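**Q** Each protein sequence line maps, in turn, to chains A and B.
Take 1 as the starting number for the first sequence in the UniProt record's numbering and just add one per residue.
Take 1 as the starting number for the second sequence in the UniProt record's numbering and just add one per residue.
Even glycine gets a Cβ: it sits at the ideal position worked out from N, Cα and C.
Note that this is a predicted model, so its numbers are computed, not measured.
Take a look at the following structure, please.
There are 2 protein chains.
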Amino acid sequence: MAGQGVKEARPEVSANSRMTVAAHALTWIGLYQRRGHEVATSEQIATSVNTNPVVIRRLLADLRKAGLAESRRGAGAGWMLSRDLAAITLLDVHDAIAAGPIFALHRSPPDPECVVGHGIGPAMTAVYDQIERTLRGELARTTLEDILRDVLKAV
Amino acid sequence: MAGQGVKEARPEVSANSRMTVAAHALTWIGLYQRRGHEVATSEQIATSVNTNPVVIRRLLADLRKAGLAESRRGAGAGWMLSRDLAAITLLDVHDAIAAGPIFALHRSPPDPECVVGHGIGPAMTAVYDQIERTLRGELARTTLEDILRDVLKAV
DNA sequence: CGTTGTTGTAACGTTTATGGTTACGACAAG
DNA sequence: CTTGTCGTAACCATAAACGTTACAACAACG
């Protein structure tokens with residue numbers, strides 16, 4: 001090869017941890033409430049997640065919009081679940097955090113004069129749509145109750 | 001609400017178009033070869049995709065590493081497929097472009113002293129692994145021949 | 001009615017993936 | 001030797017998500 005560059009290996013990390021953190025936070029609140037507490041603070045959750053409380057508040061704000069969590073203000077404030085862990089699926093969480101599609105079409109539209117450029121969009125969309133449907137089906141199969149059971153089993 | 005901010009609406013674009021462009025490029029080469037041409041240039045492909053030739057060359061370099069495409073240098077150089085469109089699945093393309101996982105765990109490890117922080121990683125990994133398996137199964141079901149058929153049908 | 005603890009949210013800065021562009025060396029056909 | 005194309009580095013731009021600081025809003029409680 002020509003360059004035999006030192007700087008190869010295009011990274012490949014990315015990927016959203018929002019789903020993980022959201023599931024973590026809700027599960028934490030659920031367990032905390034089952035142990036008799038009224039509300040959980042973003043500070044407590046952030047300690048378990050190992051991040052900043054503001055990150056938790058921002059994420060929980062999205063979950064609240066979706067009707068999965070509620071918050072109370074003032075002194076002694078905090079967060080609680082809107083419904084039981086068993087009634088929240090990972091699909092609910094996924095939709096709540098407005099996770100975008102896995103794949104996307106071209107950034108700028110391909111050449112419409114070209115047969116391939118003209119037809120590739122719909123062709124790929126058909127595949128992507130089917131994959132999204134399957135993904136949603138998989139996510140819908142698992143509830144946060146399942147997750148908590150798994151978590152407690154690992155102790 | 002307090003702020004009722006003007007700057008809400010967390011964006012949600014992202015998503016990889018690499019898969020789309022890779023499928024587009026390979027399909028284009030395949031069709032071009034069926035029409036009697038030996039090789040396709042990155043310039044021609046870039047015109048159809050509506051991007052820069054270097055982007056195409058970079059992408060095809062990845063596909064070549066995976067054994068899906070070959071290139072010829074010198075004058076009259078260009079790209080060709082290593083095997084027929086019918087023998088290339090979207091899973092092959094997916095693996096070739098080294099697409100990362102859909103979901104990720106925490107950026108920095110959660111609190112291991114906390115029950116949830118300790119067990120949430122393995123619990124979510126189990127779910128994510130199952131989803132990846134399903135995704136791969138779906139991608140393996142479609143070949144570039146299927147894509148081309150769809151493309152030509154739309155004319 | 002003030003003190004206090006917590007949410008709500010703006011405003012930045014940082015990191016990372018990807019795409020776009022320019023530049024130029026390597027290479028092979030003719 | 002000329003010419004056309006790949007191979008790749010180098011750099012900039014864009015965008016998403018995270019991390020952090022700051023502070024107003026708010027409600028319980030003395």
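1. What residues of chain B sit near L90 of chain A, judged by a beta carbon separation below 7 Å?
2. If the cut is a Cβ gap below 8 Å, which residues of chain A does T41 of chain B touch?
3. With DSSP as the reference, please indicate the residues paired to R72 of chain B in a beta bridge.
4. Flag this pair as touching only if the region 48 to 61 of chain B and the region 103 to 120 of chain A have three or more C-beta atom pairs under 8 Å; answer yes or no.
5. Establish whether the CB of A69 of chain B and some CB of chain A are separated by less than 8 Å.
6. Using the three-state DSSP reduction, which class does T89 of chain B fall into: helix, strand or coil?
7. Using the C-alpha atoms, what's the distance from I45 of chain A back to L31 of chain A?
8. Identify the contact partners of Q130 of chain B in chain A, using a Cβ-Cβ distance below 7 Å as the criterion.
9. When DSSP builds the beta bridges, which residues end up paired with A98 of chain B?
10. Just verifying my parser: in three-state terms, what is the DSSP assignment at A61 of chain B?
11. Considering V21 of chain B, what are the terminal residues of the alpha helix (DSSP H) in which it resides?
12. Between the region 133 to 145 of chain B and the region 126 to 142 of chain A, do at least 3 Cβ pairs fall closer than 8 Å?
13. Can you list the alpha helix (DSSP H) stretches of 4 or more residues lying completely in the region 112 to 138 of chain A, in chain order?
14. Does the beta carbon of G36 of chain A come closer than 8 Å to any beta carbon on chain B?
15. What's the call for S108 of chain A, buried or exposed, on a 16-neighbour Cβ count within 10 Å?
16. Taking Cβ positions only, does D150 of chain A come closer than 8 Å to chain B?
17. Taking only the alpha-carbon atoms, compute the straight-line gap between R72 of chain B and I29 of chain B and give it to the nearest angstrom.
18. Name the chain A residues whose beta carbon is nearer than 8 Å to that of G119 of chain B?
19. In whole angstroms, what is the alpha-carbon distance linking E38 of chain A and I56 of chain A?
20. Quick check: what's the CA-CA separation for R35 of chain A versus G100 of chain A?
**A** From the atom records:
1. Taking the first residue of the first sequence as position 1, residue 90 of chain A is located at position 90. In chain order: V127.
2. Counting from 1 along the second sequence, the entry for residue 41 of chain B is found at position 41. Per Cβ cutoff of 8 Å: no residues; T41 of chain B is ~14 Å from chain A at best.
3. The count along the second sequence starts at 1 and reaches residue 72 of chain B at position 72. Answer is B:G78.
4. They touch, by the three-pair rule.
5. Here residue 69 of chain B is taken as the residue at index 69 of the second sequence, counted from 1. Output row for A69 of chain B: interface = no.
6. The sequence position of residue 89 of chain B within the second sequence is 89, counting from 1. If DSSP states are grouped into helix, strand and coil, T89 of chain B belongs with the strands.
7. Here the question's residue 31 of chain A lines up with position 31 in the first sequence. Here the question's residue 45 of chain A lines up with position 45 in the first sequence. Spanning the two alpha carbons is a distance of roughly 11 Å.
8. Counting from 1 along the second sequence, the entry for residue 130 of chain B is found at position 130. Going along chain A in sequence order, the residues near Q130 of chain B (Cβ under 7 Å) are E138.
9. Counted from its first residue, the second sequence places residue 98 of chain B at position 98. DSSP lists no partner for A98 of chain B.
10. As a working mapping, residue 61 of chain B is identified with position 61 in the second sequence. It is helical.
11. Sequence index remark: in the second sequence, residue 21 of chain B carries index 21 (1-based). First-last of the alpha helix (DSSP H) with V21 of chain B: R18 to R34.
12. yes
13. none
14. Position 36 of the first sequence, counting from 1, holds the residue named residue 36 of chain A. Chain B contact via Cβ: absent.
15. Taking the first residue of the first sequence as 1, we reach residue 108 of chain A at position 108. S108 of chain A is exposed by the Cβ-count criterion.
16. The residue given as residue 150 of chain A occupies position 150 in the first sequence. Cβ-Cβ to chain B under 8 Å: yes for D150 of chain A.
17. Here residue 72 of chain B is taken as the residue at index 72 of the second sequence, counted from 1. Here residue 29 of chain B is taken as the residue at index 29 of the second sequence, counted from 1. Straight-line spacing of the CA atoms in R72 of chain B and I29 of chain B works out to 14 Å.
18. Here residue 119 of chain B refers to the residue found at position 119 of the second sequence. What G119 of chain B touches in chain A: D150, V151, L152, K153, A154 and V155.
19. To locate residue 38 of chain A, count along the first sequence from 1; it is residue 38. To locate residue 56 of chain A, count along the first sequence from 1; it is residue 56. In a straight line, the C-alpha of E38 of chain A is about 18 Å away from that of I56 of chain A.
20. Position 35 of the first sequence, counted from the first residue, corresponds to residue 35 of chain A. Position 100 of the first sequence, counted from the first residue, corresponds to residue 100 of chain A. Approximately 35 Å between the Cα atoms of the pair.
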